Amino acid sequence: MKRWGKVCLSVLAGLLLVAGGGAAYLYRELEPERHFEGVRHPVIAPLPESEEEARPEPASEQQAEAFNVLILGIDARGNEDARTDVIMAAHVDPIAKKVNLISVPRDTRIEIPGIGYTKINHAHFLGSLQAGDDAGTEAALHAVSRFLQAEMNYYIKTDFQGFIGLVDRIGGVDVDLPHPVADFAEGAHHLDGAEALKVVRERYSLPDGETGRQADQALVLRAMLEKMLAPDALRQLPDLIAQVKAEVIETNFSDADLLSLALLFQGMERSQLEYVQIPGESGVAYDPLVQAELSYWLPDEAAVQRISAAYLQNK
């Protein structure tokens with residue numbers, strides 16, 4: 028699952044300082060409207076109904092394609108096989124300069140082939156248990172792709188320590204909490220990595236539980252993007268990307284892809300990022316994996332189909 032980029036960041040960083048034609052060339056190469064041309068080959072796609080559907084469409088040479096990104100936060104502890112504590116799907120449209128962000132509750136009840144109906148966050152655990160971390164990533168991609176009926180072109184994955192390290196590396200984040208969270212009162216806070224992790228993991232103290240937790244996760248993610256893409260931070264971005272990819276995250280984005288995304292997100296208004304949660308209700312059902320009844324999030328399947336069509340599919 029590792030399709031690492033081979034772009035030399037030292038060269039890119041140098042080019043960022045070159046004036047005139049060199050800088051213009053670099054911007055042309057990284058400009059999101061051009062850089063993501065022909066993004067047609069997904070990492071994971073829903074199984075086709077027929078051979079005809081399985082044939083890839085020809086790549087566009089005219090403009091960038093919108094694409095989907097799976098964001099995974101893993102509750103890894105040492106060498107234990109881990110479940111996904113955070114699951115988000117993002118639909119990025121470089122032309123419209125818009126991002127749709129969809130939270131998938133970790134307790135969502137789905138069917139995993141060979142297992143039966145279980146929690147969606149068990150997919151990564153089962154894959155990594157069978158064949159290691161890469162297989163866990165692939166299993167999570169398959170599970171989310173099937174559930175949302177949408178192809179996943181890219182993924183970003185980090186664990187607890189990686190998340191703490193990233194937030195600390197960018198100097199913490201500023202968030203305005205709409206409600207008390209754990210030890211934090213409602214209102215503005217500057218959070219370091221450990222504090223930000225506490226916010227994105229907390230649900231028991233929230234009046235709306237898991238739903239509120241997902242909204243807080245999106246709030247912190249937006250704050251991280253704003254901090255990394257602030258004007259005074261952009262010059263350090265190539266070095267930050269190199270460090271983050273080496274120490275904090277696993278991704279199939281190349282370094283150039285991430286720099287292009289930075290250009291896309293820079294200056295984006297909040298109205299250009301739309302956030303939605305998966306509707307449904309809480310329930311209890313038998314889980315064949317643990318051979319006991321568990322609490323689940325039972326998704327509204329018709330609503331999931333509407334959300335997929337409206338937020339994750341290319342128009």
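Note that this note's numbering has the sequence shown beginning at 28, numbered continuously upward.
Idealized CB from N, CA, C, for every residue including glycine.
These figures come from a predicted structure and were not determined experimentally.
The beta carbon of A250 sits closer than 7 Å to the beta carbons of V200, D201 and V202 from its chain, once the five residues preceding and following it are set aside; these are given in chain order.
Across the structure, D186 and I122 are spaced so that their CA atoms are roughly 31 Å apart. Taking C-alpha positions only, F94 is separated from Q340 by approximately 8 Å. Between the C-alpha atoms of L156 and R240 there is a straight-line separation of about 27 Å. In the three-state scheme derived from DSSP, where H, G and I count as helix and E and B as strand, H206 is classed as coil. I183 is not a Cβ neighbour of I305, given a cutoff of 9 Å. For K124, the secondary structure class from DSSP, reduced to helix, strand or coil, is coil. The Cβ-Cβ distance between K146 and Y323 falls below 9 Å.
Per the C-alpha coordinates, the member of G220, A166, I129 and L153 positioned closest to L175 is I129. Annotation: S335 to G310 spans about 23 Å, alpha carbon to alpha carbon. Here F280 has Y181 as same chain residues with Cβ atoms under 6 Å from its own Cβ, once five neighbours each way along the sequence are excluded.
For the 9 Å CB-CB criterion, H149 and L316 form a contact. The three-state reading of DSSP puts P59 in helix, counting H, G and I together. Excluding five sequence positions before and after D134, the CB atoms of its chain that fall closer than 6 Å to its own CB belong to K146, Y323 and W324, given in chain order. In this structure, the alpha-carbon of M295 lies about 8 Å from that of K124. Here H151 is buried. Its C-beta has 16 or more other C-beta atoms within 10 Å. The beta carbon of V171 sits closer than 6 Å to the beta carbons of L97 from its chain, once the five residues preceding and following it are set aside; these are given in chain order. Pairing T111 with A166, the inter-Cα distance amounts to about 11 Å. Note that the region 252-270 does not touch the region 218-228; fewer than 3 beta-carbon pairs, one per stretch, sit closer than 8 Å.
For D134, there is no enclosing beta strand (DSSP E), as DSSP marks it with neither H nor E.
Q293 and L267 have their C-alpha atoms spaced approximately 16 Å apart.
Around the beta carbon of H217, fewer than 16 other beta carbons sit within 10 angstroms, so the residue counts as exposed.
DSSP, read as helix, strand or coil, puts I147 in coil. Distance check between R136 and each of Y302, V331 and E274 places V331 closest, using alpha-carbon atoms only. Per DSSP, the continuous alpha helix (DSSP H) segment holding D243 begins and ends at G236 to M255.
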